[in-house]
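Asker: Residue 294 in UniProt numbering is what sits at position 294 of the sequence shown, and the numbering runs on without skipping anything. We put the beta carbon where it would ideally sit given N, CA and C, even for glycine.
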Amino acid sequence: YEVRAEKLKEEAKLIFAQVVADDDLVAKLELVDSVRKLGLASFFEDEIKEGLDHVVSFAIGKPSSHMKHSLHFCALSFRLLRQHGYHVSQDIFSEFVDKPTRSFMESKCCGDTLGLVELFEASHLGLEHEDIMEEANRFSARILKSSYPSLLLHHDKDLAECVAHALELPIHWRVQWFDVKWHIKVHEKRKKVDRALIDLAKVNFNVVQSALQKDLRQIASNGSVSSSGTVIAVHSFFSVLNSNTTRGMKGLSEKNHHHLIHNVCLIIRLCNDIGTSKVEQERGEVASSSIACYMREANTTEEKAKDHIKGLITKVWKKINEQCFGRQPPMITPGLFVDITTNMARVAHNLYQHGDGFGGQDHKHHHKKQILSLLVHPLKLESS
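1) Could you compute how far the alpha carbon of G39 sits from the alpha carbon of V207?
2) Nearest to residue 423 by CA position, among L71, E6, R82, is which residue?
3) For the candidate residues C265, K380, K157, whose alpha-carbon lies nearest to that of R190?
4) So H187 packs on S34, CB below 8 Å; how close in whole Å?
5) Hey, how far is the Cα of H154 from the Cα of L116?
6) Within 8 Å, do at least three Cβ pairs link the region 263-272 to the region 341-352?
7) Keeping to the same chain, check which residues put their C-beta closer than 8 Å to that of P330; ignore five residues upstream and five downstream.
8) Taking the alpha helix (DSSP H) that A41 belongs to, which residues open and close that run?
9) Which parts of the region 124-195 are runs of the alpha helix (DSSP H), unbroken and 4 residues or longer, counting only runs that do not cross its ends?
10) Whether or not the region 315-324 and the region 115-134 are in contact is what I'm after, with contact meaning three or more pairs of Cβ atoms, one per stretch, closer than 8 Å; do they touch?
11) Grab me the residues of D98's own chain with a C-beta within less than 7 Å of its C-beta, minus the 5 sequence neighbours each way, in chain order.
12) Quick check on this structure: which residue in L14, L381, Y1, P378 has the alpha carbon closest to the alpha carbon of D194?
13) Here's a check: name, in chain order, each residue in its chain whose Cβ is nearer than 8 Å to the Cβ of K49, leaving out the five neighbours to either side.
14) Grab me the residues of P100's own chain with a C-beta within less than 8 Å of its C-beta, minus the 5 sequence neighbours each way, in chain order.
15) Ignore the nearest five residues each way along the sequence and tell me which others in V338's own chain have a CB closer than 6 Å to its CB.
16) Identify whether D23 lies in helix, strand or coil by the three-state DSSP scheme.
17) Taking all protein chains shown into account, decide if P170 is buried (16 or more other Cβ within 10 angstroms of its Cβ) or exposed.
18) DSSP on S103, reduced to helix/strand/coil?
19) Mapping the DSSP letters down to three states, classify V88 as helix, strand or coil.
20) Okay, do the region 295-311 and the region 372-380 touch, 3+ Cβ pairs below 8 Å being the bar?
21) Using C-beta distances below 6 Å, list every residue in its chain close to Q90, excluding the 5 sequence neighbours before and after it, in chain order.
22) Excluding the 5 residues flanking C162 on each side, which residues of the same chain have their C-beta closer than 8 Å to its C-beta?
23) Is the distance from the Cβ of A160 to the Cβ of E121 below 8 Å?
24) Quick check on the burial criterion: 16 or more other C-beta atoms within 10 angstroms. Buried or exposed for I184?
25) Between D356 and G275, which are expected to be in contact by the criterion C-beta below 8 Å, what is the C-beta distance as a whole number of angstroms?
26) Using CA coordinates, which residue listed in V26, F44, S42 is at the minimum distance from K71?
27) When DSSP builds the beta bridges, which residues end up paired with D98?
28) Taking K108 and F93 to be in contact with their CB atoms under 8 Å, please state how far apart those CB atoms are, rounded to whole angstroms.
29) Identify, in the order they occur along the chain, each residue of the same chain with its Cβ nearer than 7 Å to the Cβ of T314, setting aside the five sequence neighbours on each side.
30) Given that a residue counts as buried once 16 or more other Cβ atoms are within 10 Å of its Cβ, and exposed if not, what is S150?
31) Please state the DSSP three-state secondary structure of D356.
32) Would you mind reading off the limits of the alpha helix (DSSP H) that contains V376?
33) CA-CA distance, R102 and F205?
34) Name the residue from E45, A292, A196, K368 whose alpha carbon lies nearest to the alpha carbon of E6.
35) With the cut-off set at 8 Å, would you say V20 and K9 are in Cβ contact?
36) Going along the chain, which residues of its own chain have a beta-carbon closer than 8 Å to the beta-carbon of L216, five neighbours each way excluded?
Here it is, written out as structure tokens:
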């Protein structure tokens, strides 16, 4: 695996060099996006930065044909640049927004389904008080939901699958590694495929899976159970910082860290409530979940209560976004701690999006299948 992986990395770096040297900004963004989705970003951090720096230099703040006419380009650049710590304003979408009403114009957006998918994905990286990003979420979700049956009817199953995948759970709320196999499959279906990237993604997946199997054996032999997100976050803090010194304690006491850990734990709690409330009621448990509390408080149905809690989750994610890449004072700890902590919220979405991922019988098959895919079943490699 190691020899083949190194050879494929060199081939992939040549692909990056060619794309970065070219003037095609869309190609730069799509390559960066592919590398991220295939789980390869850690191998190409310098190349990714160079590619995104080019996009910032030639497009952001400088009106171009890309920015004026392509919803896909604007949305993809917004998402990738914000994910990588660049300052990018919601005004990047001004070409598609009616100024008096601050609403998106269907005439400029509705023919671009991939652009709408990217707009939907980008909207989940919005910050508090970004009204255009809120409208982007409502607008793109409405159009994509209404167009999905038509995509199936006209046998555009690949595009329909991408739409369904996004609507089920946006990229920003997913654990990236859980999705690698799905993205490999999607990339293989494309007419224009960088074979070196696909092969490298497969080799890397199998290498990581082998390492995770060793970790699992160790955890199974001496691990302990924890139900506390706060405890996990504190452990990850010191593991990433590699320190238990005064500097470490000072970092942990930062106000930003308190807010980040609190909000992540809040999402874990709310996702748990949405996924388990029905099963708990059927078991006769009277736990005071947020669903039950809101039903009593607002004298409403369980379905409306769940919708309300889902709205709260969206608001909490905006707070997390603010702490991750908003204009907050910089944290003294590495970005890896932020990634690990926010991934805890993403794991909660994964566990409870189909119901009770732990105690419910109806959804155990889904999680068993996913666990086997991640930890047991390797990807088949083509002979080199």
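Answerer: From the atom records:
1) Stepping through the sequence shown from its first residue, residue 39 is reached at position 39. Stepping through the sequence shown from its first residue, residue 207 is reached at position 207. When rounded, the distance between both Cα atoms is 12 Å.
2) Because the chain here runs from 1 to 384, residue 423 falls outside it and cannot be looked at.
3) As a position in the sequence shown, residue 190 is number 190, starting the count at 1. Of the listed residues, the one whose Cα sits closest to R190 is K157.
4) Residue numbering aside, residue 187 sits at position 187 when the sequence shown is read from its first letter. Residue numbering aside, residue 34 sits at position 34 when the sequence shown is read from its first letter. Confirmed, Cβ separation roughly 7 Å.
5) Counting from 1 along the sequence shown, the entry for residue 154 is found at position 154. Counting from 1 along the sequence shown, the entry for residue 116 is found at position 116. Distance between the alpha carbons of H154 and L116: 18 Å.
6) yes
7) Within the sequence shown, the letter at position 330 stands for residue 330. A caution first: P330 carries a pLDDT of 46, below 50, which makes its placement in the model unreliable, though a value can still be read off. The answer is none, since no qualifying residue turns up.
8) Position 41 of the sequence shown, counted from the start, is the residue given in the question as residue 41. No alpha helix (DSSP H) holds A41; DSSP gives it neither H nor E.
9) 131-153, 157-168, 180-189
10) yes
11) Translated into positions along the sequence shown, residue 98 becomes position 98. Cβ within range, chain order: M105.
12) Within the sequence shown, the letter at position 194 stands for residue 194. Among L14, L381, Y1, P378, the Cα nearest to that of D194 is on L14.
13) If you number the sequence shown from 1, residue 49 lands on position 49. Same-chain partners within the cutoff: H84.
14) Position 100 of the sequence shown holds residue 100. Hits under 8 Å: none found.
15) By one-based count along the sequence shown, residue 338 stands at place 338. So the list reads C324, once near-sequence residues are dropped.
16) Working through the sequence shown from its first residue, we reach residue 23 at position 23. Of the three classes helix, strand and coil, the one that applies to D23 here is coil, per DSSP.
17) Counting from one through the sequence shown, the residue named residue 170 turns up at place 170. Answer is buried; the Cβ neighbour count reaches 16.
18) Along the sequence shown, one-based indexing puts residue 103 at 103. Looking at S103 - three-state DSSP - the assignment turns out to be strand.
19) Numbered from its first residue, the sequence shown carries residue 88 at position 88. V88: coil per DSSP, three-state reduction.
20) no
21) For the purposes of this step, residue 90 is identified with residue 90 of the sequence shown, where counting begins at 1. Only E130, I132, M133 meet the Cβ criterion.
22) Your numbering for residue 162 matches position 162 in the sequence shown. Cβ neighbours of C162 beyond the five flanking positions: L114, V117, V186.
23) On the sequence shown, residue 160 is found 160 positions in, with the first residue counted as 1. On the sequence shown, residue 121 is found 121 positions in, with the first residue counted as 1. It is not a contact, given that the beta carbons lie outside the stated cut-off.
24) What you label residue 184 is simply residue 184 of the sequence shown in a count that begins at 1. Classification for I184: buried.
25) The residue labelled residue 356 in the question sits at position 356 within the sequence shown. The residue labelled residue 275 in the question sits at position 275 within the sequence shown. Going by Cβ atoms, the distance from D356 to G275 rounds to 5 Å, so yes, they are a contact pair.
26) The residue you call residue 71 lines up with position 71 of the sequence shown. The sequence shown places Leu at residue 71, not Lys. Checking every option, the nearest Cα to that of L71 belongs to V26.
27) Position 98 of the sequence shown, counted from the start, is the residue given in the question as residue 98. S103, per the DSSP bridge assignment.
28) Here residue 108 corresponds to residue number 108 of the sequence shown, with the count starting at 1. Here residue 93 corresponds to residue number 93 of the sequence shown, with the count starting at 1. Incorrect: roughly 10 Å between the Cβ atoms, too far for contact.
29) Position 314 of the sequence shown holds residue 314. Excluding residues within five positions, none has a Cβ falling inside 7 Å.
30) Translated into positions along the sequence shown, residue 150 becomes position 150. Flag for S150 reads exposed.
31) Within the sequence shown, numbered from 1, the residue matching residue 356 stands at position 356. Here D356 sits in coil by DSSP.
32) Along the sequence shown, one-based indexing puts residue 376 at 376. V376 -> no alpha helix (DSSP H), and no H or E assigned at all.
33) Working through the sequence shown from its first residue, we reach residue 102 at position 102. Working through the sequence shown from its first residue, we reach residue 205 at position 205. Cα-Cα distance, rounded: 43 Å.
34) Reading the sequence shown from its first residue, position 6 is the one you call residue 6. Nearest option by C-alpha distance: A196.
35) As a first step, residue 20 is located in the sequence shown; it is residue number 20 there, counting from the start. As a first step, residue 9 is located in the sequence shown; it is residue number 9 there, counting from the start. Not a contact, by the Cβ cut-off of 8 Å.
36) Position 216 of the sequence shown, counted from the start, is the residue given in the question as residue 216. Contacts found: L375.
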